[in-house]
Amino acid sequence: FSYSVSHDLRAPLRAIDGFGQALVDDFPEHLPGEAKRYLSRIRASTQHMAQLIEDLLKLARVSRGPIERRTVDLGQIAQQVVGELQQRDPGRAVEVSAWDGMRAEGDPHLLRVALENLIGNAWKFTARSAKPRIEIGALKDRGRTTFFVRDNGAGFEMAYADKLFGAFQRLHSATEYAGTGIGLATVQRIVHRHGGRIWAEGEVGKGAVFFFTLAIAGEEAAAAEPVEEKAHG
Ligand SMILES: Nc1ncnc2c1ncn2[C@@H]1O[C@H](COP(=O)(O)OP(=O)(O)O)[C@@H](O)[C@H]1O
Ligand SMILES: [Mg+2]
Numbered sequence: 050f051s052y053s054v055s056h057d058l059r060a061p062l063r064a065i066d067g068f069g070q071a072l073v074d075d076f077p078e079h080l081p082g083e084a085k086r087y088l089s090r091i092r093a094s095t096q097h098m099a100q101l102i103e104d105l106l107k108l109a110r111v112s113r114g115p116i117e118r119r120t121v122d123l124g125q126i127a128q129q130v131v132g133e134l135q136q137r138d139p140g141r142a143v144e145v146s147a148w149d150g151m152r153a154e155g156d157p158h159l160l161r162v163a164l165e166n167l168i169g170n171a172w173k174f175t176a177r178s179a180k181p182r183i184e185i186g187a188l189k190d191r192g193r194t195t196f197f198v199r200d201n202g203a204g205f206e207m208a209y210a211d212k213l214f215g216a217f218q219r220l221h222s223a224t225e226y227a228g229t230g231i232g233l234a235t236v237q238r239i240v241h242r243h244g245g246r247i248w249a250e251g252e253v254g255k256g257a258v259f260f261f262t263l264a265i266a267g268e269e270a271a272a273a274e275p276v277e278e279k280a281h282g
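Numbered by the numbering used here, the letters in the sequence shown go through residues 50 to 282 in order.
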């Protein structure tokens with residue numbers, strides 16, 4: 050449902066934005082300054098709404114369809130994502146470290162979308178840090194791997210740590226940090242579809258860490274091959 054609605058909303062929105070631009074372009078001398086300012090507000094709003102629709106479409110897409118299970122190199126995907134962010138934002142100097150050999154079992158496309166959102170957030174919320182740093186790594190404990198994306202950016206109040214994953218939930222103002230609040234809902238959906246868990250820790254002004262697990266390899270193997278698992282156990 051949200052997929053087709055989002056889809057149909059795009060065309061009229063493009064028309065509103067396009068004619069707004071046409072007004073500015075075709076009547077440069079006729080429009081008083083105040084009218085131009087109103088028009089630019091209208092266009093900023095339509096563009097924000099277009100982004101909302103785009104993000105809702107992405108959320109709908111990651112929720113549908115079969116999920117692939119492959120061995121994925123999360124470190125490599127992280128490097129690519131960082132490369133793209135740097136290219137889009139060449140003025141930023143962010144120190145990024147992505148650990149090597151972070152293998153995961155999961156859907157390559159969905160895991161990329163998850164990392165795009167988490168690393169994209171880390172990138173965005175370190176925009177005002179003196180020495181922005183992002184670390185993407187993995188913690189291993191008894192065969193269970195917890196991946197994390199850590200930054201030293203704006204952080205957030207721990208009291209709201211669970212709220213962040215709800216759609217449209219934002220703790221920072223749009224004027225300070227642009228966004229729609231749909232990214233983490235998308236990441237959570239992806240992680241849940243993999244049978245994993247996601248949670249966050251943060252401190253205002255110090256930074257944030259987002260942790261996630263995917264299905265526990267041992268449990269998956271146990272479900273698929275009970276005899277094998279026993280033999281090893
Ligand atoms: N790395 C981070 N550091 C601080 N706050 C964060 C971080 N990532 C997410 N948040 C908080 O969670 C909210 C929701 O994130 P998200 O769903 O990705 O929305 P958006 O990026 O569009 O704001 C953000 O608006 C912000 O308040
Ligand atoms: Mg985001």
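From the three backbone atoms N, C-alpha and C, an ideal C-beta is built for every residue, glycine too.
A distance below 7 angstroms between beta-carbons, with the five flanking residues on each side excluded, links V253 to the following residues of its chain, in chain order: G204, F205 and E206.
Residue ranges of uninterrupted beta strand (DSSP E) with 3 or more members, entirely inside the region 169 to 203 and ordered along the chain, are 182 to 190 and 193 to 200. Under the three-state reduction of DSSP output, D122 falls in the strand class.
As far as DSSP is concerned, F76 takes part in no beta bridge. For the pair L80 and T229, the CB atoms are not nearer than the 8 angstroms cut-off. A distance below 8 angstroms separates the beta carbons of A109 and Y52. The beta carbon of G169 sits closer than 7 angstroms to at least one heavy atom of ligand 2. Less than 8 angstroms divides the Cβ of G244 from the Cβ of A264. For E252, no alpha helix (DSSP H) run applies; the uninterrupted beta strand (DSSP E) run containing it begins and ends at I247 to E252, by DSSP. Set against 7 angstroms, the gap from the CB of Q237 to the closest heavy atom of ligand 1 is not smaller. For the options A208, D200, P77 and A60, the alpha carbon positioned closest to that of V145 is the one of D200. Looking at the backbone, the Cα of L233 and that of A71 are separated by about 36 angstroms. C-alpha of A208 to C-alpha of S178: approximately 22 angstroms in a straight line.
When DSSP states are grouped into helix, strand and coil, F259 belongs to the strand group.
Taking C-beta atoms as the reference points, V143 and L167 fail to come closer than 8 angstroms. No heavy atom of ligand 1 is found nearer than 7 angstroms to the CB of R177.
For G202, the closest alpha carbon among the candidates F196, W172, L220 and R219 is that of W172.
Spanning the alpha carbons of V131 and T194 requires a straight line of approximately 22 angstroms. Selection T235, H97, P61 and A153 evaluated against G192 yields A153 as nearest (Cα-Cα). Comparing alpha-carbon positions, the option among I65, G215 and Q135 lying closest to S94 turns out to be I65. Relative to ligand 1, N166 has its C-beta within less than 7 angstroms of a heavy atom. Using a cutoff of 7 angstroms, the CB of D156 does not count as near ligand 1, since none of the ligand's heavy atoms is closer than that. Ranked by Cα distance from E165, the first of F196, E133 and P181 is E133. For G140 and T120, the gap between their C-alpha atoms comes out near 34 angstroms.
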